[in-house]
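Undergrad: As you go down the protein sequences, you meet chains A and B in turn.
Using numbering that gives the first Met the number 0, the first residue of the first sequence is number 0, and each one after it goes up by one.
Using numbering that gives the first Met the number 0, the first residue of the second sequence is number 0, and each one after it goes up by one.
The beta-carbon is built from N, C-alpha and C at its ideal position, and this holds for glycine as well.
Computed from a predicted structure; not experimentally measured.
This is the structure I have questions about; it appears just below.
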Amino acid sequence: MIKKRGRVSRTMFLIYSCIVLGFLYAPIAVMVLFSFNAKENRSTTSFQPASLYWYKEVLVNDTAMQALRNTIFLALLAAGIAVILGTIAAISVDRMRRKWVQTAVLQVTNLPLMNPEIVTGISLMLLFVFAAQLLGLREKLNFTTMLLAHITFCLPYVVLSILPKLRQMDPHLVEAAQDLGCSQFRAFFKVTLPFIRTGIVSAFIMAVTISLDDFVISYFVSGSDFVTLPLYLFSLTRKRVKPDIYALSTLVFAAIFLLMLLSNFVQIRAEKRAKK
Amino acid sequence: MKAIAQKQRRGLSALTLNTPYLFWCLVFVLVPLGMVAFFSFHNAQGEWTLDVFRALIDTPKARRTLFELFGVSILYALIATIICLFLAYPLAYYMSHATQKTQRNLMTLIMVPMLMNFVICTYCWVTILANEHGIIASFLDFLNLPKPKLLGTPGAVILGMVYNFLPYMIMPLYSVMSKVNPSLVEAAQDLGATGFGVLRKVTLPLSVPGIISGITMVFVPSVSTFYISQQLGASKTLLIGDRIEMAFVMSNDFNTGAALSLILMLFVVVCMMVMHRFSDGEEGAFVV
């Protein structure tokens with residue numbers, strides 16, 4: 000009886016998850032399908048026999064490729080800086096003696112996470128415009144402002160994913176290392192860093208993905224000299240529509256999918272090794 | 000003596016450790032928010048004034064516009080949040096009961112659309128919903144059925160919100176439910192609870208933190224979104240986000256944009272505080 004009910008609910012679960020996943024993948028399916036549109040067919044709403052024309056088109060499109068390079072470069076740089084700054088921040092927050100100071104700093108850390116993205120975006124934009132006016136700069140928004148903004152919205156995620164690791168650590172370990180003659184720096188690299196390594200790695204990955212995907216904040220703080228892929232796609236959807244935009248996003252989708260599979264695979268292997 | 004020396008050493012390093020992050024928070028988090036307030040209490044000539052706010056509520060017409068703007072945004076976001084909750088809850092519930100392998104695979108499948116750029120996904124929905132040659136319209140044409148108006152309706156905007164923010168509801172719900180101790184469920188079953196009884200008496204109360212965090216993670220981006228309604232909605236359905244974007248990008252009216260942002264921010268903060276009351280001060284509600 001129980002077993003039978005289990006099977007029924009499992010089937011229902013299967014059907015239900017397929018429906019939800021179908022909903023989540025519907026636009027992606029459209030995107031992949033239309034990316035194989037034939038050459039003559041410039042419309043994005045009807046489909047003609049398959050061709051790889053738009054892939055070739057997008058791969059020789061300098062603006063698109065530059066945007067792709069910019070996105071990856073910015074994500075790696077911003078995530079790298081955010082991880083370094085965030086690790087220092089997490090250690091300093093962890094060591095704060097006064098409880099209220101710690102709480103206050105954590106509240107401020109949480110602020111960009113709770114605030115609507117658009118508010119974060121325009122607040123940074125106002126800061127940059129104001130600063131540029133004070134310094135008398137002609138170009139108000141550029142690569143630097145993008146980088147600063149990306150570091151800023153990645154930082155909370157980094158701090159909040161490293162902090163729990165630090166809390167798990169026995170503080171006496173660092174003291175022991177120092178008593179045994181390590182300098183503070185050596186103690187950090189020999190004891191603390193190996194302990195929080197997994198937190199740092201996951202923080203870096205998270206920061207990269209958030210930076211890669213960000214549109215709203217970038218939209219407000221970007222200048223014309225540095226265009227990322229989300230911004231480029233946005234400008235395309237506003238102006239003209241050609242299937243190359245689908246080809247480009249299909250490539251991005253394939254990259255994300257492969258990365259997810261890879262991280263899944265690595266995780267499974269790590270778990271298997273841990274079991275042994 | 001040694002202890003004092005060590006304390007001094009630590010004290011000094013604490014200062015050097017704290018400085019970079021505190022400085023960063025001050026310059027790139029607190030000062031920008033101060034800027035928003037600063038600009039909303041100034042006019043275009045840079046004088047201190049309440050004119051910007053006054054202009055928003057001065058005439059009955061302005062008042063009605065403001066009320067409609069916030070009313071529509073909040074209503075759409077609320078509907079989207081409720082739909083997300085009802086769509087996500089069964090999935091997260093079943094997921095937390097599935098085998099390890101299924102859980103992991105489903106998680107991956109849910110993560111991928113979340114990582115896809117929302118601009119392009121929203122744009123693909125335009126292709127699906129388009130009224131003349133859209134995919135659904137073509138299909139209905141093929142079956143010789145009448146075509147309803149899909150694009151440019153409130154439903155399309157809400158669909159866009161649900162689509163883009165559904166994973167943010169599934170994640171926290173799943174993470175809370177997968178931590179529910181299975182022996183609690185067994186104990187309830189032993190004591191005679193039916194499947195529904197277990198859900199109502201055990202799983203649901205234990206998943207409240209996940210519900211709260213899911214609601215905030217869907218409601219906040221929904222209420223402040225822009226672009227979605229520009230693409231999927233009728234041209235006149237403007238949400239707060241669109242209005243703010245227009246003020247900054249189109250009309251260069253920084254002061255009005257800042258004032259609207261300030262109101263939006265305060266509204267979100269109040270909502271958060273109310274939600275936190277519900278969760279009994281439960282910590283860790285903002286787990287991603």
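If we define contact as Cβ-Cβ less than 7 Å, is V200(A) a contact residue for chain B?
TA: Counted from its first residue, the first sequence places residue 200(A) at position 201. Cβ-Cβ to chain B under 7 Å: no for V200(A).
Undergrad: Does the Cβ of P229(A) lie closer than 6 Å to at least one heavy atom of the ligand ADP?
TA: In terms of ligand content, the structure shown is empty, and the ligand ADP therefore cannot be addressed.
Undergrad: Using the Cβ count rule (16 or more neighbours within 10 Å means buried), how would you classify C24(B)?
TA: By one-based count along the second sequence, residue 24(B) stands at place 25. So C24(B) counts as buried.
Undergrad: Would you tell me roughly how many angstroms separate the C-alpha atoms of V293(B) and L123(A), rounded to the nearest one?
TA: Nothing in the structure corresponds to residue 293(B), since chain B is present only between 0 and 287.
Undergrad: Evaluate contact between the segment 80-94 of chain A and the segment 176-183 of chain A, counting only Cβ atoms and requiring at least three cross-stretch pairs below 8 Å.
TA: The answer is no - the segment 176-183 of chain A does not touch the segment 80-94 of chain A, with fewer than three Cβ pairs under 8 Å.
Undergrad: Determine, using beta-carbon pairs with one atom in the segment 53-64 of chain A and one in the segment 72-80 of chain A, whether at least three such pairs fall under 8 Å.
TA: Taking 8 Å as the limit for Cβ pairs, the verdict is that the segment 72-80 of chain A does not touch the segment 53-64 of chain A.
Undergrad: Per DSSP, what are the beta-bridge partners of H41(B) in this structure?
TA: Within the second sequence, numbered from 1, the residue matching residue 41(B) stands at position 42. Bridge partners of H41(B): W47(B).
Undergrad: Entirely within the segment 182-248 of chain B and at least 4 residues each: give me those alpha helix (DSSP H) ranges in chain order.
TA: Listed in chain order, the complete alpha helix (DSSP H) runs (minimum 4 residues) inside the segment 182-248 of chain B are 194-197, 207-222, 227-231, 239-244.
Undergrad: Following the continuous alpha helix (DSSP H) through C120(B), name the residue where it begins and the one where it ends.
TA: Counted from its first residue, the second sequence places residue 120(B) at position 121. Per DSSP, C120(B) belongs to the alpha helix (DSSP H) from 117-128.
Undergrad: What are the uninterrupted segments assigned as alpha helix (DSSP H) that are 4 or more residues long and contained completely in the segment 125-206 of chain A, given in chain order?
TA: Entirely contained in the segment 125-206 of chain A, the alpha helix (DSSP H) runs reaching 4 residues are, in chain order, 142-167, 170-178, 183-186.
Undergrad: For I161(A), collect the residues of the same chain with a Cβ closer than 7 Å to its Cβ; drop the 5 residues on either side in sequence, then sort them by chain order.
TA: If you number the first sequence from 1, residue 161(A) lands on position 162. Excluding positions up to five away in sequence, the list reads G85, T86, A89, I195, G198, I199, A202.
Undergrad: Would a check of beta-carbon distances place N42(B) closer than 7 Å to chain A?
TA: Along the second sequence, one-based indexing puts residue 42(B) at 43. No - not a single Cβ of chain A is within 7 Å of the one on N42(B).
Undergrad: Can you round the beta-carbon distance between L29(B) and V107(A) to whole angstroms, since I take them to be within the 8 Å contact cut?
TA: Position 30 of the second sequence, counted from the start, is the residue given in the question as residue 29(B). Position 108 of the first sequence, counted from the start, is the residue given in the question as residue 107(A). L29(B) to V107(A), Cβ: 7 Å. Contact.
Undergrad: Here's the rule I'm using: 16 or more other beta-carbon atoms within 10 Å means buried, otherwise exposed. How should W47(B) be labelled?
TA: Sequence index remark: in the second sequence, residue 47(B) carries index 48 (1-based). Classification of W47(B): exposed, given that the 10 Å Cβ count is below 16.
Undergrad: Mind listing the chain A neighbours of Y20(B)? Cutoff is C-beta to C-beta under 9 Å, in chain order.
TA: In the second sequence, residue 20(B) corresponds to position 21, counting from 1. In chain order: L84, G85, I87, A88, A89, S91, V92, V104, T108, L154, V158.
Undergrad: For the alpha helix (DSSP H) holding N143(B), just list the boundary residues, first then last.
TA: One-based indexing of the second sequence puts residue 143(B) at position 144. Per DSSP, N143(B) belongs to no alpha helix (DSSP H) and is neither H nor E.
Undergrad: Does A49(A) come out as helix, strand or coil in the three-state DSSP assignment?
TA: Numbered from 1 along the first sequence, position 50 holds the residue referred to as residue 49(A). A49(A): coil per DSSP, three-state reduction.
Undergrad: Pick helix, strand or coil for V286(B), following the three-state DSSP scheme.
TA: The residue given as residue 286(B) occupies position 287 in the second sequence. Bear in mind that a pLDDT of 39 at V286(B), under 50, signals an unreliable position, so the model cannot answer this.
Undergrad: Run down chain A in chain order and give the residues with a C-beta less than 8 Å from the C-beta of M34(B).
TA: The residue given as residue 34(B) occupies position 35 in the second sequence. Here the neighbours are S122, L125, L126, F129.
Undergrad: Pull up the distance between the alpha-carbon of V118(A) and that of I71(A), whole angstroms please.
TA: Taking the first sequence and counting its residues from 1, the one referred to as residue 118(A) is at position 119. Taking the first sequence and counting its residues from 1, the one referred to as residue 71(A) is at position 72. V118(A) and I71(A): Cα-Cα distance of roughly 25 Å.
Undergrad: Start and end of the alpha helix (DSSP H) containing N163(B)?
TA: Here residue 163(B) refers to the residue found at position 164 when the second sequence is read from its first residue. Element bounds for N163(B): 153-176.
Undergrad: Does DSSP put K3(A) in a helix, a strand or coil?
TA: Here residue 3(A) refers to the residue found at position 4 of the first sequence. Because K3(A) carries a pLDDT of 46, less than 50, the predicted location of this residue cannot be relied on, and no value is offered for it.
Undergrad: Assuming A37(A) is part of the alpha helix (DSSP H), what are its boundary residues?
TA: As a first step, residue 37(A) must be located in the first sequence, where it is residue number 38. Careful: A37(A) lies outside any alpha helix (DSSP H) and carries neither H nor E.
Undergrad: I want to verify the contact list: residues of chain B whose CB lies under 7 Å from the CB of Y24(A), in sequence order.
TA: The count along the first sequence starts at 1 and reaches residue 24(A) at position 25. What Y24(A) touches in chain B: P112.
Undergrad: Using a cut-off of 9 Å between C-beta atoms, extract the partners of L192(A) located in chain E.
TA: No chain E appears in the structure shown, which is made up of the protein chains A and B.
Undergrad: Taking any Cβ of chain A, which residues in the segment 254-272 of chain B have a Cβ under 9 Å from it, in chain order?
TA: Residues passing the 9 Å Cβ filter: G256, A257, S260, L261, L263, M264, V267, V268, M271.
Undergrad: Since I believe I134(B) is in contact with T126(B) (beta carbons under 8 Å), could you give me their beta-carbon distance rounded to a whole number of angstroms?
TA: Within the second sequence, numbered from 1, the residue matching residue 126(B) stands at position 127. Within the second sequence, numbered from 1, the residue matching residue 134(B) stands at position 135. Sure, about 7 Å apart at Cβ, within 8 Å.
Undergrad: Which class does F22(A) belong to by DSSP, given the choice of helix, strand or coil?
TA: Position 23 of the first sequence, counting from 1, holds the residue named residue 22(A). Helix at F22(A).
Undergrad: How long is the line joining the alpha carbons of R103(B) and P166(B), rounded to whole angstroms?
TA: To locate residue 103(B), count along the second sequence from 1; it is residue 104. To locate residue 166(B), count along the second sequence from 1; it is residue 167. Roughly 15 Å separates the two Cα atoms.
Undergrad: Using a Cβ-Cβ cut-off of less than 7 Å, give me the residues of the segment 111-141 of chain B that come near chain A, in sequence order.
TA: Residues V111, P112, L114, M115, N116, F117, V118, I119, C120, Y122, C123, W124, T126, I127, A129, H132, G133, I134.
Undergrad: What are the boundary residues of the alpha helix (DSSP H) that includes N254(B)?
TA: Counting from one through the second sequence, the residue named residue 254(B) turns up at place 255. That run of the alpha helix (DSSP H) goes 253-277.
Undergrad: Thinking C-beta only, is T121(B) closer than 7 Å to I227(B)?
TA: The residue given as residue 227(B) occupies position 228 in the second sequence. The residue given as residue 121(B) occupies position 122 in the second sequence. Contact flag set, yes.
Undergrad: Please decide whether C17(A) counts as near chain B, where near means a Cβ-Cβ distance under 7 Å.
TA: Working through the first sequence from its first residue, we reach residue 17(A) at position 18. Not closer than 7 Å to any Cβ of chain B, the Cβ of C17(A) fails to qualify, so no.
Undergrad: At what residues does the alpha helix (DSSP H) containing D224(A) begin and finish?
TA: Position 225 of the first sequence holds residue 224(A). That residue, D224(A), is in no alpha helix (DSSP H); it is neither H nor E in DSSP.
Undergrad: Do you know offhand how far L134(A)'s Cα is from F52(B)'s?
TA: Mapped onto the first sequence, residue 134(A) falls at position 135. Mapped onto the second sequence, residue 52(B) falls at position 53. L134(A) and F52(B): Cα-Cα distance of roughly 30 Å.
Undergrad: Going along the chain, which residues of its own chain have a beta-carbon closer than 6 Å to the beta-carbon of G256(B), five neighbours each way excluded?
TA: On the second sequence, residue 256(B) is found 257 positions in, with the first residue counted as 1. Correct list, in chain order: I243, A246, F247.
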